[in-house]
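Data first, discussion second: the structure below is written as structure tokens.
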Amino acid sequence: VNAVGARPITTIEGLEKNGTLHPVQQAFLDVEAFQCAYCTSGLIMSSVSLLQANPQPSPEQIVQSLQGNICRCGTYPSIIEAVQRAAANMQERTK
Amino acid sequence: MSKSGEQILLEPERYEFLALPMHRFALERRDFFKLLGAGIAIIAVAKDLPAQETAPGPKAFHNEELPKEIGAWLHIAEDGTVTGFVGKAEMGQNVRTSLAQTIADELGVTFGNVRMLLGDTALTPFDMGTFGSRTTPTITPLLRRMAAAARQLLLEEASKKWNVPADRLTAGVGKITDPASGRSLRYAELAREDLVARHTAPETPIKPASQWTIAGKPVPKADGRAFVTGSHLYSSDLRPEGMLFG
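Quick note, the sequences are listed as chains A and B, same order. Position 39 of the first sequence, counting from 1, maps to 39 under the working numbering, and the rest follow consecutively. So the working numbering is basically just the index in the second sequence, starting at one, shifted up by 1000.
As structure tokens, this is what we get:
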């Protein structure tokens, strides 16, 4: 907590803007990249952070970046698909 | 774990011998509808549960006292919303989706018309717990029977209104239809009386799997949006009034 200091923090509740889901949220929902979804909030936030730093990550980079988020239901292939879909949609938007 | 090498008494593989959920139902009839809203309620009476299904039915009882031993209930509101009340908890196994599919399929309404109230023991029957993969084999057939009883009750209500034998009417897509005359009544319109029926009727026909149109088919996860917005409440998020923290 000390390391965070006074920096702004975004949580899963703050991603949605005026009733519109963040592209990463939308992609997780569209792909249904979750079963019990207990880990989903963390995975979405890590994915948002990844895409800010790297808008077009390779599957390997996605795996590496989400290494700290564990999904006991084992939905990893869908998660990678969702992150790639979100990346594509965000790319599309900025064109 | 057992102390000093004692035998562990749990036999996980014997869960199938555990009794079905039961509930001492304390609500009076009037309070029951105050809680649920007006409409039609189908209740599974414990003594009617599988193994002892001998009572005829579904029997609508208008002003009698409610039975006390209840396993689950189903409610059709005046606006057509169908709610299943079950003591089991949703904890990622997606029973909120699969149980709603079962009700929608058997009752003949759309999946989106059914909501499940799960695990809130202030509103649902008592349940000893959600474990051992028991929800699907115990609750699914129970809800299917209850939905079939609800459908039968709706057919009988329409039959009374039109003075046409119930077996000449059809139920589906949220309404009862009289194929001979083409007229129909929506479930919502038929649910405007506070009717209670017991789930009984082993003879109430339920749809064979070959006729399922919603159950057993992929549907979008119920409440999917709640999971990607952090608004879904897990057991560890619950803070009921008076809860003591260890």
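A virtual CB, placed ideally from N, CA and C, is assigned to each residue, including glycine.
When the alpha-carbon of A/L15 is set against those of B/S1235, B/S1236, B/A1226, the nearest one is in B/A1226. Per DSSP, reduced to three states, the secondary structure at B/M1116 is strand. In the structure shown, B/L1074 falls within a strand segment according to DSSP collapsed to helix, strand and coil. Under the DSSP assignment, B/K1175 falls in the beta strand (DSSP E) whose first and last residues are 1175–1177. Annotation: A/V1 to A/S41 spans about 19 Å, alpha carbon to alpha carbon. Between the C-alpha atoms of B/G1108 and B/A1089 there is a straight-line separation of about 25 Å. Residues of chain A with a Cβ closer than 8 Å to the Cβ of B/G1230 are, in chain order, T11, I12, E13, S41.
Contact check for B/L1153 and B/I1040: beta-carbon distance about 6 Å, within the 8 Å limit, so the pair qualifies. Collapsing the DSSP output to three states places B/T1170 in a strand.
Look at the segment 1080–1096 of chain B: the residues with a C-beta under 8 Å from a C-beta of chain A are M1091, G1092, Q1093, N1094.
Listed along chain A, the residues sitting closer than 8 Å to B/G1224 by beta-carbon distance are L29, E32. Take the alpha-carbon of B/K1221 and the one of A/S47: they are about 22 Å apart. Per DSSP, reduced to three states, the secondary structure at B/G1080 is coil, with no helix or strand assignment. As a beta-bridge residue in DSSP terms, B/F1085 pairs with B/W1073, B/L1117. Contact between the segment 20–34 of chain A and the segment 1204–1215 of chain B is not established, with fewer than three Cβ pairs separated by less than 8 Å. Put simply, the CB of B/F1227 is near chain A, with a gap under 7 Å to one of its CB atoms. A direct Cα-to-Cα measurement between B/M1128 and B/N1094 gives close to 19 Å.
Taking CB atoms only, A/C36 has a neighbour in chain B less than 7 Å away. In this structure, B/D1178 sits away from B/L1190, with a CB-CB distance that is not shorter than 7 Å. Taking 7 Å as the threshold, the shortest C-beta distance from A/Q25 to chain B falls below it. Between B/V1219 and B/T1097, the beta carbon gap of about 6 Å places them in contact (Cβ cut-off 8 Å). Residue range 1184–1186 is occupied by the beta strand (DSSP E) that includes B/S1184.
At the C-beta level, B/V1228 and A/L29 come within 7 Å of one another.
Between B/Y1187 and B/I1076, the C-beta gap is smaller than 7 Å, which places the two residues in contact.
Out of B/R1144, B/T1102, B/M1116, the CA that lies nearest to the CA of B/T1081 is found in B/M1116.
Distance from the CA atom of A/T10 to the CA atom of A/A53, rounded to whole angstroms, is 16 Å. Boundaries of the alpha helix (DSSP H) harbouring A/S49: 40–53, taken from the DSSP string. DSSP places B/K1221 outside any alpha helix (DSSP H), giving it a letter other than H or E. Contact of A/L66 with chain B by beta-carbon distance below 7 Å is absent, the smallest such distance being about 16 Å. Per DSSP, the unbroken alpha helix (DSSP H) holding A/Y76 starts and ends at 76–94.
Distance between B/A1166 and B/S1133, taken at the CA atoms: about 38 Å. Distance between B/T1130 and A/R93, taken at the CA atoms: about 44 Å. Looking at B/V1164, B/G1174, B/G1092, B/A1148, the one whose alpha-carbon comes closest to that of B/T1135 is B/G1092.
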